[in-house]
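Notes for the one structure printed next.
Numbering (my numbering), first residue to last: 36 to 712.
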């Protein structure tokens, strides 16, 4: 077994030197069958409950305190265990947070008529004040009379000021938005003044509670507006990262209220919340310094031979692989020649819980879902999927070097389970080595740095038959400009809100053709485009500009279609797309005709202008993609095309635009967001 652990350490060290982001952030689909076998919770219920608890209980950004958890139903049908672990084994703060939350959830199960959302949020804020404060991002103030101020609030006010200068009527037409922003500014200053004067306790907690409530309304009612305005407005004398992180920070702050309410709904509904037990789990990593065979050549030298197994690879790649192997081996030797220091190598929290349930295989209803306070790293995600007993919602795709599995001698598994675990470890090593020996990883190095934090898992919507088609212009209607592709725009329900970007901003795109439009069957097209590219296209019923997002290569843009947002445009220099609410529904397999008018549907769509490296890796089947340079006439979209990993692709030369749905919520009442951060 020593060889297996040393081999694993070397594989990880070498792979990271070749590429530290082997895959892009990836959503893991739920299994299609859900056999409860006497359980109270469906698999989807378990996913949602674990997500909600994990989101509310997470309190630290420190790598060592990244936590993972799961829920286990007990056989008495009135109890459950919340098992929790952290990377470094420090769980006391986490256990206290869970205990406080559990007491409130137990009370809710016994008395569902009482509204305990404030009590639950108070408990969350009390234990996670630092995390909330960081999302407000306080910095030293540049103005008089203030000690510190929130960059999140500064950015909010800046984009509203910028929008108001472009459209003076916006403040009057959307007065609630400005009232909420003003109140958030006031509360953020109240909180920091209390914190500066060290007036800790109920006052600061009340201020933060008021902030998350106001932000919940801001994000719940104006998420699309804020995303559009943030994209349109420049940095405005602020750091570029403030603009980039603003949507994530305000989305996170706005998510606490909805998450708490939904968790209380689960507690009212399921009797397993009647008695909640907390279990802390900690499993130590294998100590490489105890290995007695660390100098054996077959363990230290195998990567130096890999290039000879890949004769087709370039000399540059062979040199890179050899260099990575040498540096990786040097790093591993440090682990094997000195005792392991505290926290240098860790078993990640998700793997600790997996191993605990390997040690205790007799649970009647073992947990099916593991959830971390961050998305799973590449190694955790890969190992858990190979192990095959747990679902993990998503990976951010990044690889960490100080990752290790536990010593099987410490786990004390039964013979059959031990042999199975050993086989999984061996196969895991083989998969890593296959990746190392493949030059395909060279293109992965351009992947953008992922945001590892998360809100909720991304789940599939129920499938409804789709009859969407994509209809381009006939050959006689092709544009005069050979470098640009477009189709006649179709307008169903034109946007009349002043929340769209200023018309002058849209007019800056003049000279670009009208965008490609995904057309649902049965909707008539409008008059032909003029052959002269300089003529103006006349579109009926357009009373105001559509929300327009200019895509940046390699950076995904998200847009939420709901009752008020009907059409959006996305532009690159060569590809221009217009997507309507109805078209998004059809491509996401949602029946657009709901009998219940109160049914709220929100479709979160991600549109990306892919980098050349990403587009080269695409393996999308023919019926998923559109070649804008071909003379095709009609493409019928397959069911659920927006929910495939690669979504719907449109190609024009080397440019590729991908459209995919991240989440659909068709619940009654307010929507819940499932954007990854």
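By construction, the Cβ of each residue, glycine as well, lies at the ideal position given by its N, Cα and C atoms.
- Element boundaries [alpha helix (DSSP H), containing residue 282]: Here residue 282 refers to the residue found at position 247 of the chain shown. Looking at the DSSP string, the run of the alpha helix (DSSP H) that includes residue 282 is 275-304.
- Message: Which runs of the beta strand (DSSP E) at least 3 residues long sit entirely within the stretch 372-410? Give them in chain order.
- Response: none
- Query: Exposed or buried, residue 411, counting other C-beta atoms within 10 Å across all chains shown (16 or more means buried)?
  - Reply: Translated into the one-based positions of the chain shown, residue 411 becomes position 376. Buried, since its Cβ has 16 or more Cβ neighbours within 10 Å.
- Who pairs with residue 102 in a beta bridge, going by DSSP? Here residue 102 is taken as the residue at index 67 of the chain shown, counted from 1. In DSSP, residue 102 forms a bridge with 121.
- Report yes or no: do three or more beta-carbon pairs, one from the stretch 308-315 and one from the stretch 431-449, lie closer than 8 Å? no
- Under 8 Å between the Cβ atoms of residue 147 and residue 188? Position 112 of the chain shown, counted from the first residue, corresponds to residue 147. Position 153 of the chain shown, counted from the first residue, corresponds to residue 188. It is not a contact, given that the beta carbons lie outside the stated cut-off.
- Message: Let me check understanding here. Comparing Cα to Cα, which of 607, 682 and 615 lies closest to residue 26?
- Response: Summary: the structure shown does not reach residue 26, with the chain confined to residues 36 through 712, and so no result is reported for it.
- Query: In this structure, does DSSP put residue 149 in helix, strand or coil?
  - Reply: Locating residue 149 in the chain shown gives position 114, where the first residue counts as 1. Note: residue 149 maps to coil in three-state DSSP.
- Could you please give me the residues that DSSP links to residue 594 through a beta bridge? In the chain shown, residue 594 corresponds to position 559, counting from 1. Residue 594 is bridged to 640.
- Query: Who are the Cβ neighbours of residue 192 in its own chain at under 7 Å, not counting the five residues just before and after it?
  - Reply: Sequence index remark: in the chain shown, residue 192 carries index 157 (1-based). Around residue 192: 216 and 220.
- Query: Can at least three beta-carbon pairs, one atom from the stretch 149-162 and one from the stretch 272-287, be found at a separation below 8 Å?
  - Reply: no
- Task: Tell me residue 585's beta-bridge partners as DSSP assigns them.
- Result: Within the chain shown, numbered from 1, the residue matching residue 585 stands at position 550. Beta-bridge pairing links residue 585 to 606.
- By Cβ distance, which residues of its chain are closer than 7 Å to residue 104, with the 5 residues on each side in sequence left out? Counting from one through the chain shown, the residue named residue 104 turns up at place 69. Only 85, 88, 89, 117, 118, 119 and 406 meet the Cβ criterion.
- Task: With a threshold of 7 Å, establish whether the CB of residue 136 neighbours any heavy atom of the ligand MN.
- Result: This structure lacks the ligand MN, and indeed carries no ligand of any kind.
- Query: Just how far apart, CA to CA, sit residue 142 and residue 245?
  - Reply: The residue you call residue 142 lines up with position 107 of the chain shown. The residue you call residue 245 lines up with position 210 of the chain shown. Going by the C-alpha atoms only, they are around 24 Å apart.
- Message: Under 8 Å: do the stretch 91-101 and the stretch 391-402 share three or more Cβ pairs, one atom per stretch?
- Response: no
- Message: What residue range does the beta strand (DSSP E) around residue 184 cover?
- Response: Within the chain shown, residue 184 is the residue found at index 149, counting from 1. First-last of the beta strand (DSSP E) with residue 184: 183-185.
- Please name the residue or residues paired with residue 320 in a DSSP beta bridge. Here residue 320 is taken as the residue at index 285 of the chain shown, counted from 1. According to DSSP, which records beta bridges pairwise, residue 320 is partnered with 441.
- Can you say whether residue 238 is buried or exposed, counting buried as having 16 or more other CB atoms within 10 angstroms of its CB? For the purposes of this step, residue 238 is taken as residue 203 along the chain shown, with counting starting at 1. Classification for residue 238: exposed.
- Query: To the nearest angstrom, how far is it from the Cα of residue 343 to the Cα of residue 472?
  - Reply: To locate residue 343, count along the chain shown from 1; it is residue 308. To locate residue 472, count along the chain shown from 1; it is residue 437. For residue 343, the predicted structure reports a pLDDT of 44, less than 50, and the residue's modelled location is therefore unreliable. A value from the coordinates is still provided. Roughly 10 Å separates the two Cα atoms.
- Item | Start and end residues, beta strand (DSSP E) containing residue 311 | Locating residue 311 in the chain shown gives position 276, where the first residue counts as 1. Run containing residue 311: 310-315, per the beta strand (DSSP E) assignment.
- Message: Considering just the uninterrupted stretch of the alpha helix (DSSP H) at residue 469, what are its terminal residues?
- Response: For this step, residue 469 is matched to residue 434 along the chain shown. From DSSP, the alpha helix (DSSP H) with residue 469 extends over 450-471.
- Message: By the three-class DSSP mapping on this structure, what secondary structure does residue 252 have?
- Response: As a first step, residue 252 must be located in the chain shown, where it is residue number 217. Residue 252 falls in the helix class under three-state DSSP.
- Message: Quick check on the burial criterion: 16 or more other C-beta atoms within 10 angstroms. Buried or exposed for residue 694?
- Response: Along the chain shown, read from residue 1 onward, the residue named residue 694 stands at position 659. Classification for residue 694: buried.
- By a C-beta neighbour count over all protein chains shown, 10 Å radius and 16 as the cutoff for buried, is residue 443 buried or exposed? For this step, residue 443 is matched to residue 408 along the chain shown. Buried is the call here.
- Task: Ignore the nearest five residues each way along the sequence and tell me which others in residue 160's own chain have a CB closer than 7 Å to its CB.
- Result: To locate residue 160, count along the chain shown from 1; it is residue 125. Answer for residue 160: 167, 240, 243 and 244, listed in chain order.
- Exposed unless 16 or more other CB atoms sit within 10 angstroms - verdict on residue 501: Taking the first residue of the chain shown as 1, we reach residue 501 at position 466. Note that residue 501 scores 31 on pLDDT, short of 50, meaning its location in the model is unreliable; the coordinates nonetheless yield the value given after this. By the neighbour-count rule (16 or more Cβ atoms within 10 Å), residue 501 is buried.
- Query: So, is residue 272 buried or exposed, given that buried needs 16 or more other C-beta atoms within 10 angstroms?
  - Reply: On the chain shown, position 237 is the one that residue 272 refers to. It is exposed - the Cβ of residue 272 has fewer than 16 other Cβ atoms within 10 Å.
- Message: If you follow the alpha helix (DSSP H) that residue 612 is in, where does it begin and where does it stop?
- Response: The count along the chain shown starts at 1 and reaches residue 612 at position 577. Premise fails: residue 612 lies in the beta strand (DSSP E), 611-615, not in any alpha helix (DSSP H).
- Item | Simplified DSSP assignment, three categories, for residue 715 | Because the chain in this structure spans residues 36 to 712, residue 715 falls outside the shown range and cannot be described.
- With a CB to CB cut of under 7 Å and the five nearest residues on each side skipped, what residues in its chain are close to residue 544? Along the chain shown, one-based indexing puts residue 544 at 509. Note that residue 544 has pLDDT 36, beneath the 50 cutoff, so the model's placement of it is unreliable and the number below is only indicative. Cβ within range, chain order: 583 and 606.
- Item | Inter-residue CB distance, residue 439 and residue 44 (contact presumed, cutoff 8 Å) | Your numbering for residue 439 matches position 404 in the chain shown. Your numbering for residue 44 matches position 9 in the chain shown. Contact flag correct, Cβ pair sits at about 7 Å.
- Message: Let me make sure I understand the geometry here. Which of 690, 452 and 585 has the alpha-carbon closest to that of residue 609?
- Response: For the purposes of this step, residue 609 is taken as residue 574 along the chain shown, with counting starting at 1. The candidate whose alpha carbon is nearest that of residue 609 is 690.
- Using the beta-carbon count (16 or more within 10 Å), is residue 449 buried or exposed? Taking the first residue of the chain shown as position 1, residue 449 is located at position 414. Counting Cβ neighbours within 10 Å, residue 449 comes out exposed, since fewer than 16 surround it.
- Message: With three or more beta-carbon pairs closer than 8 Å as the criterion, would you say the stretch 199-210 touches the stretch 284-302?
- Response: no
- Item | Per-residue burial, residue 145 [other beta carbons within 10 Å of its own, 16 or more giving buried] | The sequence position of residue 145 within the chain shown is 110, counting from 1. With fewer than 16 other Cβ atoms within 10 Å, it is exposed.
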